[in-house]
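Notes follow once the structure below has been shown.
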Amino acid sequence: MVHDLLSQLNDAQRAAAAQINGPMMVIAGAGSGKTRVLTFRIAHLIQNGVDPFNILSLTFTNKAAKEMKHRIGDLIGETHSKDIWMGTFHSIFARILRIESEHINYPRNFTIYDTADAKNLVKDIIKEFNLDDKTYKPGIVYNRISSAKNNLISSQDYINNSDLMAEDRMSGKPRLGEIFAQYDLRLFKAGAMDFDDLLFKTNVLLRDFPSILLKYQEKFQYILVDEYQDTNFAQYLIVKQLAARHANICVVGDDAQSIYAFRGANIQNILNFQKEYGIYDEFSIYKLEQNYRSTKTIVNAANSIISNNKEQIKKDVWTSNDEGDKIKVHKAATDNDEGQFVANQIFYLRQQNGAAPSDFAILYRTNAQSRSFEEALRKLNIPYRIYGGLSFYQRKEIKDLISYFRLACNPNDEEAMKRVINYPKRGIGDTTVQKIVVGATEKNLGIWDMLERSPELGINGATWNKIQEFITLIKSFRVALDVRNAYDLGHQIASESGLLKELYSDRTPEGVARYENIQELLNGMKEFSDRLDDANPLQIHTLSDFLIDVALLTDADQDKGEDNDRVSLMTIHASKGLEFPYVNIVGLEENLFPSQLSLNSREEMEEERRLFYVALTRAEKKATLSYALTRYRWGQISHCEPSRFIEEIDERFLEMPEETQRPSSTRFDQERSHFFGVNNRFSQKPTTSPAAASAPSARNEPPPSPIAPPRNFKKVSTSAPAIPSGEYSSAEEIIVGAEVMHDKFGKGKVIALDGQAPDVKATIFFPKEGQKQLLLRFAKLKVMG
DNA sequence: GTATTATCTAAGTCT
DNA sequence: TAGATAATAC
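Numbered continuously in the working numbering, the first sequence closes out at residue 786.
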């Protein structure tokens, strides 16, 4: 049985998976099956008598954790796999911090501030200090605080560190340390932690409470860390401490794929692992060098790129897969042309190879690049999904409602309070809120405690009455916290806070969309509550359980659902660990990729190069690179040069664009339209069918499914069988000046169109009704004539 | 205290 | 371009 399990692995994989005790490092080239090794190793551990309760497995995303757990369950049975502690650093340590919260004087229900909350707080503090927010840019200040925390430097350490203080004086920000200290104090009083605190405070906990350290050392007798090359100092130290007693630690990673130095990841952690643990007899290093994912062309091209980096662990990634197609390089005239090229190519490959939309990924350096691809894909009715960007949980209305939730669980949550105390409007204005915030700081109270004592600040009768009403409202939610499940209470809060009514009364298209988003969130909560309540009927799943889940969700985590056959659009960072048959790497231009901000140092340039390596090695069958000669950046046209990374690939693996701007072959005759700068020519292609008339378009997108969980909710295209139409679908027909018919408002004329699909908003003048703004995806418009 | 308008400035990657 | 903020009027 034991033997059978590991016999499914190759020699190197098996050797790694079979080691039970002692420290070990697995250097795993891209596509070499490292998740497989982790999965099988854990299954093997359990088969050899290790208690699942004694295993800690740290992954890069929660989704990866979930999948791994599943696969382990498949191998050895779910009863064994379900007790493993498996998750991201942040979610595992959040869990530990909740359990141990009293030791660090935090409430069990502490809130986790996301980056927006954290930057807001920094911004407010800068204002309170009467500092110029052009000198002290909140984002920059926050980043500096963040990197200090990732290096386990407290605000006190920071202020006492003459080097850091000197740097701040040099950069004109001598009071940064003070801001840091105040920021931490405010977090503490709010019962809140930022992302970095989840690591920082865990270190404090393990450092200051030897008994707690011992408890977790004994619990986690076997530790596995995935993506070890992307750990920062705080993570490194936590792992080191936890493993110090049993030294059963297995780290897996690839130095060539280290792409998070900007957030404190230290590539030295993996490079130094051997020095650190080499003293143990059992210490072993395994190298996985056989790539199972990609063609020879892709593997070799990737190798040729990465050889330009100086610092790396020697390894020789190879594959026995086919040679495969050459990597096509495409030169587009503009960013929009690049979008069209990619969409056309996807369309073409689907026709030729029968590929599904989900076989494709479009990878870019920055989120802002997604737009031209969205537009082009939509025109061809190719379904897609964007990962990253403005996620569901960052939308205003969602954050508003969640702020009420947070306040109910933790009334001292300052950021949540500021967000909703006057939303919907209840006559508690900025000046009053300001008084409360300042008062709380001066009297060293939590924001809620101060609120309850508002009269001490001279807040007068009328306003005080309104505040009391607000206090009563929040209290009425609090009493239900442990009694009602997440959905029931969530629903109660949404309606009694007035939020639902507020949004419902807004009949503008945006208002309708916001209302529906709230419904989506509630639907997701229903699913959350039902799923968990059924699993354990004795225990209800509360609102604070839900919040814990939500705070650390990443975009990569949210892709459950029925409707997953879509092209993936994401940053290269977000693509780590994923693979696709067809990959387009776009925007390969100097100053974009590599980013202009990386030109200053070799280290940063090498990180960009590793990023490119990651991008290329996502591809299984075919990779296509593209760049544009001009591109809109910050509203202006800028001229671009091809990225140096294209040149760094051995040209044997490339199919370069023609030098003259005229394709010699007609293999992709749609290219012509780009080279000749004629938009939409391709739409005349003979693949056209009259089905276009029934092709879903912006005007008749089905409403979101009422049972879909919110993690499904992404900006998605109108789903449709992809058939480019000769006559464009109606989204195209609705143009400025068009005469349209609306069910309710009758005949009207389009005055303006703005916004991005699927949120295209039309301003339409209806002679009978006056001027209206309608979202195309909801308004059922018919074009006249 | 609130609503509307005018002006500014920002876009690098993420838990 | 768009979202955030400041200024203005109510």
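Just so you know, even glycine gets a beta-carbon here, dropped at the ideal spot from N, CA and C.
1) How would you call S666, buried or exposed, if buried means at least 16 neighbouring beta carbons within 10 angstroms?
2) Between the Cα of N382 and the Cα atoms of Y365, N345, A417, R366, which residue gives the shortest distance?
3) Give me the DSSP bridge partner(s) of Q637.
4) With DSSP as the reference, label R407 as helix, strand or coil.
5) Given D651, which residues of its chain have a CB within under 8 Å of its CB, disregarding the five upstream and five downstream residues?
6) Leaving out five residues on either side along the sequence, give the residues of the same chain with a beta carbon under 6 Å from the beta carbon of L57.
7) Whole angstroms is fine: what's the gap from S371's alpha carbon to T89's?
8) Please report the distance separating the alpha-carbon of I73 from that of N249.
9) Alpha carbon to alpha carbon, how far is I647 from Y633?
10) Helix, strand or coil for R700? Go by DSSP, reduced to three states.
11) Could you say which of G173, Q218, F130 lies nearest to E179 if we only look at CA atoms?
12) Please work out which residues of its chain come closer than 6 Å, Cβ to Cβ, to N585, disregarding the five sequence neighbours upstream and downstream, and give them in chain order.
13) When you compare only the Cα positions, how much space is there between G340 and Y628?
14) Which residue wins for smallest C-alpha separation from Y414, given the options F111, H640, T298?
15) Let me confirm a value: F274 is counted as buried when at least 16 other C-beta atoms fall within 10 Å, else exposed. Which label applies?
16) What does the alpha-carbon distance come out to for the pair S308 and L612?
17) Could you check whether the region 180 to 190 touches the region 256 to 272, counting it as contact only if at least three pairs of C-beta atoms, one from each stretch, sit closer than 8 Å?
18) When every heavy atom of the ligand PLP is checked, does at least one fall within less than 8 Å of the C-beta of S373?
19) Roughly how many whole angstroms lie between the Cα atoms of I708 and S148?
20) How big is the Cα-Cα spacing for M25 and S82?
21) Whether or not the region 395 to 410 and the region 493 to 504 are in contact is what I'm after, with contact meaning three or more pairs of Cβ atoms, one per stretch, closer than 8 Å; do they touch?
22) Note down the Cα distance separating I522 from K426, rounded to an integer number of angstroms.
23) Let me make sure I understand the geometry here. Which of I21, R366, Y614, S359 has the alpha-carbon closest to that of E283?
24) I think L482 touches S545, with their Cβ atoms under 8 Å apart; what is that distance to the nearest whole Å?
25) Would you mind sorting S602 into buried or exposed? The rule is 16 or more other CB atoms within 10 Å of its CB.
26) Please report the residue range of the beta strand (DSSP E) in which P1 lies.
27) Short check: CB of R619 to CB of F581, under 9 Å?
28) Buried or exposed: which applies to D12, given that a residue is buried once 16 or more other Cβ atoms fall within 10 Å of its Cβ?
29) Three or more C-beta pairs under 8 Å: does that hold for the region 112 to 125 against the region 187 to 206?
30) Applying the 10 Å Cβ sphere with the 16-neighbour rule, what's the burial state of S569?
31) Helix, strand or coil: how does DSSP classify L289 here?
32) Decide if T473 is buried, meaning its Cβ has at least 16 other Cβ atoms within 10 Å, or exposed.
33) Is it buried or exposed for M69, if we count other Cβ within 10 angstroms and need 16 for buried?
34) Looking at the unbroken alpha helix (DSSP H) that takes in L188, where does it start and where does it end?
35) Apart from the five residues on each side of it in sequence, which residues of its chain come closer than 7 Å, Cβ to Cβ, to K316?
36) Does DSSP put S381 in a helix, a strand or coil?
In terms of the structure at hand:
1) The predicted model places S666 with a pLDDT of 34, which falls under 50 and marks its position as unreliable, so this point remains unresolved.
2) N345
3) R634
4) helix
5) N301, A302, S305
6) W86, F221, I224
7) 27 Å
8) 19 Å
9) 22 Å
10) Caution is warranted here: a pLDDT of 30 is assigned to R700, below 50, making its placement in the model unreliable, and the coordinate value is therefore given only provisionally. Looking at R700 - three-state DSSP - the assignment turns out to be helix.
11) F130
12) V343, I363, T625
13) 10 Å
14) Contrary to the premise, residue 414 reads as Asp rather than Tyr in this sequence. Taking only the C-alpha atoms, the option nearest D414 is F111.
15) buried
16) 13 Å
17) no
18) Summarising the ligand content, the structure contains no ligands, and the ligand PLP is consequently not present.
19) Its pLDDT being 28, under 50, I708 is placed unreliably by the model, and the measurement read from it follows with that caveat. Roughly 41 Å separates the two Cα atoms.
20) 22 Å
21) yes
22) The sequence given here has Leu at residue 522, not Ile. One C-alpha to the other measures close to 22 Å.
23) I21
24) 7 Å
25) exposed
26) What the structure shows of the chain is the stretch from 2 to 786, and residue 1 is not part of that stretch, so it cannot be assessed.
27) yes
28) exposed
29) yes
30) buried
31) strand
32) exposed
33) buried
34) 177 to 190
35) I28, G30, K288, E290
36) A small fix is needed here, since residue 381 is Leu in this sequence, not Ser. In this structure, L381 counts as coil in the three-state DSSP scheme.
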